[in-house]
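A.B. asks:
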Amino acid sequence: MGAPRHLPGHIAAALARAGEPSDSAGRPWAGRDLAGEGNPLHQFDADDGAADPGVEAALAALASGGPRERAAAGSEEAVVAALATARVFVPVVASLAEGALGEHGFEEDKEADMALVTLSAPDGRKALPVFTSVERLEAWHAAARPVAVATPRAALSAVSEGAELVVVDPGADVTFVLRRPAVWALAQQKPWTPSYRDESLVDVVAEALEGLDAARAARLEPGRGVATRDRLGRILTGGGHGPELRIVLELEHGLPADAVRDIVAELNGRLAASERFAEAVDSIEISLRAAGT
Numbered sequence: 102m103g104a105p106r107h108l109p110g111h112i113a114a115a116l117a118r119a120g121e122p123s124d125s126a127g128r129p130w131a132g133r134d135l136a137g138e139g140n141p142l143h144q145f146d147a148d149d150g151a152a153d154p155g156v157e158a159a160l161a162a163l164a165s166g167g168p169r170e171r172a173a174a175g176s177e178e179a180v181v182a183a184l185a186t187a188r189v190f191v192p193v194v195a196s197l198a199e200g201a202l203g204e205h206g207f208e209e210d211k212e213a214d215m216a217l218v219t220l221s222a223p224d225g226r227k228a229l230p231v232f233t234s235v236e237r238l239e240a241w242h243a244a245a246r247p248v249a250v251a252t253p254r255a256a257l258s259a260v261s262e263g264a265e266l267v268v269v270d271p272g273a274d275v276t277f278v279l280r281r282p283a284v285w286a287l288a289q290q291k292p293w294t295p296s297y298r299d300e301s302l303v304d305v306v307a308e309a310l311e312g313l314d315a316a317r318a319a320r321l322e323p324g325r326g327v328a329t330r331d332r333l334g335r336i337l338t339g340g341g342h343g344p345e346l347r348i349v350l351e352l353e354h355g356l357p358a359d360a361v362r363d364i365v366a367e368l369n370g371r372l373a374a375s376e377r378f379a380e381a382v383d384s385i386e387i388s389l390r391a392a393g394t
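In the working numbering, the protein residues as written are 102 to 394.
See the structure below:
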């Protein structure tokens, strides 16, 4: 028999704060054997529950202030790249199943299952909350248990749960929203580029404009929902949850309102039919301007 296995630091710390060490079902940890190659806790044995320094630095770089700070501001893709190699904590809670009658007519004990916590975003989509540290998770939901996972694994869980968004550190001083394309990229362990910086989409939009003679040109830029604010009121240059991509559409001057609506509707339909556009873009807004203005 090898050396005894010890609880990961983040779980040991959480249990110590809760009083007598026990699992979520109330069974004491004392005397239980954590040995065995199949034990999923082994991957994070030395974890103390603190936030990953790389993720903290990437999130801090998003904060913008004066012109000098704004010039050195970080980027959304830098945050996602840092998360790709980091550990996060997924909150789970006990879910009691109703008792059933046994073969002798007596009600059997209820069983407790562990369930992921999910959120509902302002637009109605499902979101999975994850936390960079145990402290932030406990401040948000004291009854939830922290499950340490690599961020790509958390993204896979989000996809399997039908969640299109992942919210990093809800309720903390800095909260960051991972949109569907970023979640999918993390789940597949692929690099991710925000749609408003994706040069390949310029050609996709240009192709969608073909045949729309009154539409002269289109420019892609960040949508008004990309930026957000932290609790201190600082503007963050990413991590928001509103429209991600703005298409500035230049139209022939003097078009009647009906013609403008038809052009916008046709463009929306063509973009929706593009597999590449649907894969890379979470949400859009279209801004109109007359040619020559």
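All residues carry an ideal CB built from backbone N, CA and C; glycine is no exception. Fair warning: this is a prediction, and the values are worked out from it, not measured in the lab.
Please list the terminal residues of the continuous alpha helix (DSSP H) segment that includes valine 180.
C.D. replies: 177-185
A.B. asks: Grouping DSSP H, G and I as helix and E and B as strand, with all else coil, what is proline 154?
C.D. replies: helix
A.B. asks: Less than 7 Å separating the beta-carbons of valine 461 and proline 230?
C.D. replies: Shown here, the chain extends from 102 to 394; a query on residue 461 therefore has no answer.
A.B. asks: Whole-angstrom Cβ separation of glycine 339 and glutamate 177, contact assumed at under 8 Å?
C.D. replies: 4 Å
A.B. asks: Rounded to a whole number of angstroms, what is the C-alpha to C-alpha distance between arginine 330 and alanine 319?
C.D. replies: 29 Å
A.B. asks: For alanine 162, tell me which candidate among Val275, Glu308 and Pro344 has the shortest Cα-Cα distance.
C.D. replies: Val275
A.B. asks: Assuming phenylalanine 232 and leucine 302 are in contact, meaning their beta carbons sit under 8 Å apart, how far apart are those beta carbons, in whole angstroms?
C.D. replies: With a Cβ gap of about 32 Å, phenylalanine 232 and leucine 302 do not count as contacting.
A.B. asks: When the Cα atoms are used, what is the spatial distance from aspartate 270 to glycine 324?
C.D. replies: Between the alpha carbons of aspartate 270 and glycine 324 lies a distance of about 23 Å.
A.B. asks: Measuring straight from C-alpha to C-alpha, what distance separates leucine 352 and isoleucine 387?
C.D. replies: 12 Å
A.B. asks: So, using beta-carbon positions, are alanine 159 and alanine 185 closer together than 7 Å?
C.D. replies: no
A.B. asks: Taking the alpha carbon of threonine 294 as the point to measure from, which residue in Glu380, Asp149, Ala152 and Ala164 has its own alpha carbon closest?
C.D. replies: Glu380
A.B. asks: Using 7 Å as the limit for Cβ to Cβ distance, is leucine 302 near chain B?
C.D. replies: In summary, chain B is missing from the structure at hand, where a single protein chain is found.
A.B. asks: For arginine 332, collect the residues of the same chain with a Cβ closer than 7 Å to its Cβ; drop the 5 residues on either side in sequence, then sort them by chain order.
C.D. replies: So the list reads Asp274, once near-sequence residues are dropped.
A.B. asks: Pick from Val349, Val181 and Leu220: whose alpha carbon is nearest that of alanine 391?
C.D. replies: Val349
A.B. asks: Rank Gly272, Val278, Val284 and Glu239 by C-alpha distance to the C-alpha of alanine 256 and give the top, closest one.
C.D. replies: Val284
A.B. asks: Take arginine 371 as the anchor and find which of Gly263, Val327 and Glu308 has the nearest alpha-carbon.
C.D. replies: Glu308
A.B. asks: Name, in chain order, the residues that DSSP records as bridge partners for leucine 217.
C.D. replies: Partner(s): Val193.
A.B. asks: If I measure Cβ to Cβ from valine 248 and keep anything under 6 Å in the same chain, skipping five residues before and after, which residues do I get?
C.D. replies: Val191 and Val193
A.B. asks: Do arginine 281 and glutamate 265 have their C-beta atoms closer together than 7 Å?
C.D. replies: yes
A.B. asks: Along the chain, which unbroken stretches of the beta strand (DSSP E) at least 3 residues long are found entirely within the stretch 227-297?
C.D. replies: 227-231, 246-251, 266-269 and 277-279
A.B. asks: Applying the 10 Å Cβ sphere with the 16-neighbour rule, what's the burial state of isoleucine 150?
C.D. replies: Strictly speaking, residue 150 in this sequence is glycine, with isoleucine absent from that position. Label assigned to glycine 150: buried.
A.B. asks: Are the beta-carbon atoms belonging to alanine 152 and serine 221 less than 7 Å from one another?
C.D. replies: Taking 7 Å as the Cβ cut-off, alanine 152 and serine 221 do not qualify as a contacting pair.
A.B. asks: Using only the alpha-carbon positions, how far apart do glycine 175 and tyrosine 297 sit?
C.D. replies: Whole-angstrom Cα-Cα distance: 15 Å.
A.B. asks: Keeping to the same chain, check which residues put their C-beta closer than 6 Å to that of valine 382; ignore five residues upstream and five downstream.
C.D. replies: Ser296 and Leu346
A.B. asks: What is the DSSP secondary structure of serine 301, reduced to helix, strand or coil?
C.D. replies: Three-state DSSP puts serine 301 in a helix.
A.B. asks: Do you know how far the Cα of valine 180 is from the Cα of leucine 389?
C.D. replies: 31 Å
A.B. asks: From the DSSP output, in three-state form, read off glutamate 351 for me.
C.D. replies: strand
A.B. asks: Nearest to serine 258 by alpha carbon, out of Gly326, Lys227 and Ser375?
C.D. replies: Lys227
A.B. asks: Select from Ala245, Asp314 and Leu217 the residue whose C-alpha is nearest the C-alpha of glutamate 367.
C.D. replies: Asp314
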